[in-house]
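Okay, structure first, notes after.
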Amino acid sequence: MLGPSPILRVGGRSQELLRAVPPARVFESLRDLARSVNMRFIIGLPLEENDTELARQIMDEARRHLGEAIVGFGLGNEPDMWDRRVGGFNSKGEWGSGFSK
Numbered sequence: 001m002l003g004p005s006p007i008l009r010v011g012g013r014s015q016e017l018l019r020a021v022p023p024a025r026v027f028e029s030l031r032d033l034a035r036s037v038n039m040r041f042i043i044g045l046p047l048e049e050n051d052t053e054l055a056r057q058i059m060d061e062a063r064r065h066l067g068e069a070i071v072g073f074g075l076g077n078e079p080d081m082w083d084r085r086v087g088g089f090n091s092k093g094e095w096g097s098g099f100s101k
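In this text, residue positions in the sequence shown follow full-length UniProt numbering: the first is 1, and each later residue adds one.
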């Protein structure tokens with residue numbers, strides 16, 4: 001499955017900012033990239049707003065355009081940066097003292 005072709009993770013922090021399915025041209029550009037250099041993708045899906053329907057729609061659109069070029073999907077990114085943090089993580093409290101000296 002992993003082999004020699006490059007794998008690009010699409011998303012990261014920006015995936016949490018999605019409020020709609022990206023336009024078809026985004027997926028078409030990724031498809032063109034996949035075809036030109038045998039690229040494969042890990043597609044990030046938003047989770048911060050807990051909108052599972054949006055995540056499902058993005059998955060469906062990605063599959064429709066990219067098919068076998070998709071290695072997998074990543075649900076959610078960096079919950080410690082969400083407005084409604086989970087798990088009580090406090091980055092300033094955890095890491096701040098090391099940078100204040």
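Think of the CB as a built atom: it goes at the ideal place given N, C-alpha and C, for glycine as much as any other residue.
Inset, instruction - Determine the burial state of Leu75: buried for a count of at least 16 other Cβ atoms within 10 Å of its Cβ, exposed for fewer. - result: Taking the sequence shown and counting its residues from 1, one reaches residue 75 at position 75. It is exposed - the Cβ of Leu75 has fewer than 16 other Cβ atoms within 10 Å.
Legend entry - Spatial distance of Gln57 from Leu18 (CA atoms): Here residue 57 corresponds to residue number 57 of the sequence shown, with the count starting at 1. Here residue 18 corresponds to residue number 18 of the sequence shown, with the count starting at 1. Answer to the nearest angstrom: the Cα atoms are 12 Å apart.
Legend entry - Straight-line gap, Pro48 to Met39 (C-alpha atoms, nearest Å): Your numbering for residue 48 matches position 48 in the sequence shown. Your numbering for residue 39 matches position 39 in the sequence shown. Sequence inspection shows Glu at residue 48; the Pro mentioned does not correspond to that position. C-alpha separation (whole angstroms): 28 Å.
Inset, instruction - Starting from the Cα of Pro79, find the closest Cα among Leu8, Arg35, Asn50, Val71 and give me that residue. - result: The residue labelled residue 79 in the question sits at position 79 within the sequence shown. Pro79 has its Cα closest to that of Asn50, out of Leu8, Arg35, Asn50, Val71.
Legend entry - Between the CA atoms of Pro6 and Asp60 - distance to the nearest angstrom: Counting from one through the sequence shown, the residue named residue 60 turns up at place 60. Counting from one through the sequence shown, the residue named residue 6 turns up at place 6. Between Asp60 and Pro6, the C-alpha separation is close to 23 Å.
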